[in-house]
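Visitor: Here it is, the structure, as structure tokens.
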Amino acid sequence: MPPNTPTVPPPPPDSLHSALKRNIDRLADRRKREIEASSMEERIAGRITDFAGSMRFVYLHLVIYGLWVVINLGLIPVIRPFDPSFVVLASEASVEAIFLSTFVLISQNRMAAAADKRADLDLHINLLAEHELTKMAEMIAAISEKLGVHAVPDREISEISRDVAPEAVLDAIEAKNDDQDDLSR
Numbered sequence: 017m018p019p020n021t022p023t024v025p026p027p028p029p030d031s032l033h034s035a036l037k038r039n040i041d042r043l044a045d046r047r048k049r050e051i052e053a054s055s056m057e058e059r060i061a062g063r064i065t066d067f068a069g070s071m072r073f074v075y076l077h078l079v080i081y082g083l084w085v086v087i088n089l090g091l092i093p094v095i096r097p098f099d100p101s102f103v104v105l106a107s108e109a110s111v112e113a114i115f116l117s118t119f120v121l122i123s124q125n126r127m128a129a130a131a132d133k134r135a136d137l138d139l140h141i142n143l144l145a146e147h148e149l150t151k152m153a154e155m156i157a158a159i160s161e162k163l164g165v166h167a168v169p170d171r172e173i174s175e176i177s178r179d180v181a182p183e184a185v186l187d188a189i190e191a192k193n194d195d196q197d198d199l200s201r
């Protein structure tokens, strides 16, 4: 096999698990509803930011600013320079930068809010999965006991059988980070 190919060929797209297909459709529908529910201002800011982040925007500016410079340097004899000191160009570019940075910040705020929602969803799903795995560990222990299969006592097995308290984990992480901050000062 060539060096950069997978050892197993990828499955065809129509072979996705039905639950995955359903989740993909639901997430796409949710994203569509969120876009439809956004305010007119948010949609306008998004479109402006999308355009400002495109190569079309770069090409447009190359043409406009290039013509501005060429005309005002007097390189086109049939057109009289209108901004020979480039003060108007500098002012226009500054105002444009102010507005573009504001639109970018609006879009970043919207993306940060969406990322926070996804992070919350991930956390809730992970906590649910952890709880379900804890319950399954308890069930397996009960089945083992009923069948007379005795595992070697193990500290990790007993820990798996207890639910995790997310607040305690966050407190431990924050305490560790505080300790590292103290060391770096």
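Residue numbers for the sequence shown, in the numbering used here: 17 to 201.
We treat Cβ as the ideally placed atom computed from N, Cα and C, and that holds for glycine.
1) Look at residue 114 and residue 61 and say whether their C-beta atoms are less than 8 Å apart.
2) Can you list, in chain order, the residues of its chain whose CB lies under 7 Å from that of residue 143, leaving out five sequence neighbours each side?
3) Of all the alpha helix (DSSP H) runs that stay within the bounds of the segment 124-164, which reach a length of 4 or more residues?
4) Out of 162, 166, 152 and 137, point me to the one whose CA is closest to residue 177's CA.
5) Looking only at its own chain, which residues have a Cβ that is under 8 Å from the Cβ of residue 86, when we skip the five neighbours before and after it?
6) From residue 184 to residue 127, what does the alpha carbon distance come to, in whole angstroms?
7) Where does residue 106 fall in DSSP's three states?
8) Under 8 Å, with one C-beta from each stretch per pair, do the segment 64-73 and the segment 106-120 reach the 3-pair mark?
9) Counting only the same chain and skipping the five closest in sequence on each side, list residues whose C-beta sits under 7 Å from that of residue 102.
10) Based on Cα-Cα distance, which residue from 119, 180 and 201 lies nearest to residue 149?
11) Tell me whether residue 118 sits in a helix, a strand or coil according to DSSP, three-state version.
12) Please state whether DSSP places residue 173 in a helix, a strand or coil.
13) Are residue 173 and residue 167 touching if we call contact CB-CB under 8 Å?
14) Quick one, are the C-beta atoms of residue 119 and residue 191 less than 8 Å apart?
15) Counting along the chain, where does the alpha helix (DSSP H) carrying residue 67 start and finish?
16) Between the C-alpha atoms of residue 137 and residue 51, what's the straight-line distance to the nearest angstrom?
17) Look at the alpha carbon of residue 43 and the alpha carbon of residue 82, and state the distance between them as a whole number of angstroms.
18) Who are the Cβ neighbours of residue 110 in its own chain at under 6 Å, not counting the five residues just before and after it?
Guide: Taking the structure as given:
1) Your numbering for residue 114 matches position 98 in the sequence shown. Your numbering for residue 61 matches position 45 in the sequence shown. Cβ atoms of residue 114 and residue 61: not closer than 8 Å.
2) Counted from its first residue, the sequence shown places residue 143 at position 127. So the qualifying residues of the chain are 182.
3) Taking only runs of at least 4 residues, no alpha helix (DSSP H) segment lies wholly in the segment 124-164.
4) By one-based count along the sequence shown, residue 177 stands at place 161. For residue 177, the nearest C-alpha among the options comes from 152.
5) Counting from one through the sequence shown, the residue named residue 86 turns up at place 70. Same-chain partners within the cutoff: 92.
6) Taking the sequence shown and counting its residues from 1, one reaches residue 184 at position 168. Taking the sequence shown and counting its residues from 1, one reaches residue 127 at position 111. Computed Cα separation, rounded: 29 Å.
7) Along the sequence shown, one-based indexing puts residue 106 at 90. Three-state result, residue 106: helix.
8) Inter-segment contact for the segment 64-73 and the segment 106-120 is present: three or more beta-carbon pairs are separated by less than 8 Å.
9) Locating residue 102 in the sequence shown gives position 86, counting from the first residue. Its chain contains 88 as the residues whose beta carbon lies nearer than 7 Å to that of residue 102, once the 5 sequence neighbours on both sides are disregarded; these appear in chain order.
10) Counted from its first residue, the sequence shown places residue 149 at position 133. Closest option to residue 149, Cα to Cα, is 180.
11) As a first step, residue 118 must be located in the sequence shown, where it is residue number 102. Annotated three-state conformation of residue 118 is helix, per DSSP.
12) Start at 1 with the first residue of the sequence shown, and residue 173 comes out as number 157. Per DSSP, reduced to three states, the secondary structure at residue 173 is helical.
13) Translated into the one-based positions of the sequence shown, residue 173 becomes position 157. Translated into the one-based positions of the sequence shown, residue 167 becomes position 151. Closer than 8 Å, so yes.
14) Here residue 119 refers to the residue found at position 103 of the sequence shown. Here residue 191 refers to the residue found at position 175 of the sequence shown. Result no, Cβ atoms of residue 119 and residue 191 do not sit closer than 8 Å.
15) Within the sequence shown, numbered from 1, the residue matching residue 67 stands at position 51. Looking at the DSSP string, the run of the alpha helix (DSSP H) that includes residue 67 is 56-68.
16) In the sequence shown, the residue the question calls residue 137 occupies position 121. In the sequence shown, the residue the question calls residue 51 occupies position 35. Looking at the backbone, the Cα of residue 137 and that of residue 51 are separated by about 19 Å.
17) Along the sequence shown, read from residue 1 onward, the residue named residue 43 stands at position 27. Along the sequence shown, read from residue 1 onward, the residue named residue 82 stands at position 66. Straight-line Cα distance between these residues: approximately 44 Å.
18) Counting from one through the sequence shown, the residue named residue 110 turns up at place 94. There are no such residues.
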